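Before any comments, here is the structure.
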Amino acid sequence: MSSQVDGPAPVDNRRPRGVRTEVDSADGRVLRIVLDRPEAANTFDIPATLALREAIDRAEGEEFSAVLLTGEGGRFCAGGDITSFLAAPEGERTASLHELATTLEAELRRLAALPKPVVAAVHGAVAGAGLAFVLSSDIVVAARSTKFVWAYAGVGLTPDCGVSYLLPRAVGLQRALDFAIGGAAITAETARDWGLVTRVAEDEEVQEVAADLARTLAAGPTGSYGHAARLLRAAFEVDRDTHAADEAATITARITTPEAKALIERFLGR
Numbered sequence: 000m001s002s003q004v005d006g007p008a009p010v011d012n013r014r015p016r017g018v019r020t021e022v023d024s025a026d027g028r029v030l031r032i033v034l035d036r037p038e039a040a041n042t043f044d045i046p047a048t049l050a051l052r053e054a055i056d057r058a059e060g061e062e063f064s065a066v067l068l069t070g071e072g073g074r075f076c077a078g079g080d081i082t083s084f085l086a087a088p089e090g091e092r093t094a095s096l097h098e099l100a101t102t103l104e105a106e107l108r109r110l111a112a113l114p115k116p117v118v119a120a121v122h123g124a125v126a127g128a129g130l131a132f133v134l135s136s137d138i139v140v141a142a143r144s145t146k147f148v149w150a151y152a153g154v155g156l157t158p159d160c161g162v163s164y165l166l167p168r169a170v171g172l173q174r175a176l177d178f179a180i181g182g183a184a185i186t187a188e189t190a191r192d193w194g195l196v197t198r199v200a201e202d203e204e205v206q207e208v209a210a211d212l213a214r215t216l217a218a219g220p221t222g223s224y225g226h227a228a229r230l231l232r233a234a235f236e237v238d239r240d241t242h243a244a245d246e247a248a249t250i251t252a253r254i255t256t257p258e259a260k261a262l263i264e265r266f267l268g269r
């Protein structure tokens, strides 16, 4: 047996870390997905993206009826971790950035497609790709002091993770252009008025307001909520005839589900 010491083991730069999950203690049907890199403003690199994938895998479980998305530390999410792809050898930087942008965008699509409500509680700052988390959630509660920042232009880059696709659909093209090119951060109240977020709560209350909302939704007809969200999002991507057929097929399938049957019986028995 050799006693040779070869030095510390190499760091695994692709091991998932930076996102954690926990079951809501007040309601076991709500899964919390927590962005957990406070030392890096909850920015995303490949390991954090892989951890997000694992979190969404867990959120797909039938034991959970709603998801609560939050961020650890002083800022919700400052977007992509620029230092991560700058740390790659110069000849690999473009490939590293491309992998991050495409992989994170795919996971955010999965978040938006979850067949259950996704509630986000945001605070501090939401910047760059952090906006994509807001745009991929169903209901967003923002702390009153939150600032929403485009951020891409500050480093000479362009939007990723679906931000340029989703933002004009949420707030309108002219507001999206002003936000992207005008350069000014917007407040939580402005974000609510524009339709970027749903509700504004006091800073010290935002987590509990969002958690209460997630618990309420988890106790409701989550199948109905999930398909409604899917149909609303799909409306931007297909023609009217295709969407009408999807609507008709979905409501027809829903009426045979135990969830709908029980609610219809309750309605008729009033």
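Under numbering that gives the first Met the number 0, the sequence shown has 166 at position 167, and the numbering climbs by one with no breaks.
Beta carbons are placed, not taken as given, at the ideal position from N, Cα and C, and that holds for glycine.
Predicted, not measured: the structure shown is a model, and the values here were computed from it.
Worksheet entry | Rounded separation between residue 68 and residue 237 - CA only | Looking at the two C-alpha atoms, the distance is approximately 28 Å.
Worksheet entry | residue 74 in three-state terms, based on DSSP | Coil.
Worksheet item: Just checking my contact of residue 192 with residue 143 at CB under 8 Å: how many whole Å lie between their CB atoms?
Response: In this structure residue 192 does not touch residue 143 by the C-beta definition: roughly 13 Å separates them, more than the 8 Å allowed.
Discussion item. Once DSSP output is grouped into helix, strand and coil, what is the label at residue 44?
Written reply: Correct three-state label for residue 44: coil.
Worksheet item: For the putative contact between residue 85 and residue 74, defined by C-beta atoms under 8 Å, what is the C-beta separation to the nearest angstrom?
Response: The pair is not a contact, with the Cβ atoms about 20 Å apart (cut-off 8 Å).
Fill in: CB-CB length for residue 139 against residue 162, believed under 8 Å
Not confirmed; about 15 Å, so no contact.
Discussion item. Between residue 154 and residue 250, how many whole angstroms is the CB-CB distance? I'm expecting something under 8 Å.
Written reply: With a Cβ gap of about 46 Å, residue 154 and residue 250 do not count as contacting.
Worksheet item: Quick one: what's residue 146 bridged to in DSSP?
Response: DSSP links residue 146 through a beta bridge to 124, 186.
Worksheet entry | Cβ-based neighbour list, residue 129, same chain, cut-off 7 Å, excluding 5 preceding and 5 following | 75, 76, 77, 78, listed in sequence order.
Item to complete: Please list, in chain order, all residues of the same chain as residue 0 whose beta carbon is under 8 Å from its beta carbon, the five residues on each side excluded.
Response: Confidence is the limiting factor: at residue 0 the pLDDT is only 34, short of 50, which leaves the residue's position unreliable, though a coordinate-based value still follows. The beta carbon of residue 0 sits closer than 8 Å to none of the beta carbons in its chain outside the five residues before and after it.
Worksheet item: Secondary structure at residue 62, three-state DSSP: helix, strand or coil?
Response: Residue state, collapsed to three classes: coil.
Worksheet entry | Counted within 10 angstroms of its Cβ, other Cβ atoms place residue 106 as buried (16 or more) or exposed | Looking at its Cβ environment, which holds 16 or more other Cβ atoms inside 10 Å, residue 106 is buried.
Worksheet entry | Three-state secondary structure (DSSP) of residue 113 | In this structure, DSSP gives residue 113 a state outside helix and strand, which the three-state scheme calls coil.
Discussion item. Restricting to Cα atoms, I'd like to know which of 221, 260, 127 is closest to residue 115.
Written reply: Nearest Cα to residue 115 within the set 221, 260, 127: 221.
Discussion item. Considering only their Cβ atoms, is the gap separating residue 31 from residue 23 smaller than 7 Å?
Written reply: When the beta-carbon positions are compared, residue 23 and residue 31 come within less than 7 Å of each other.
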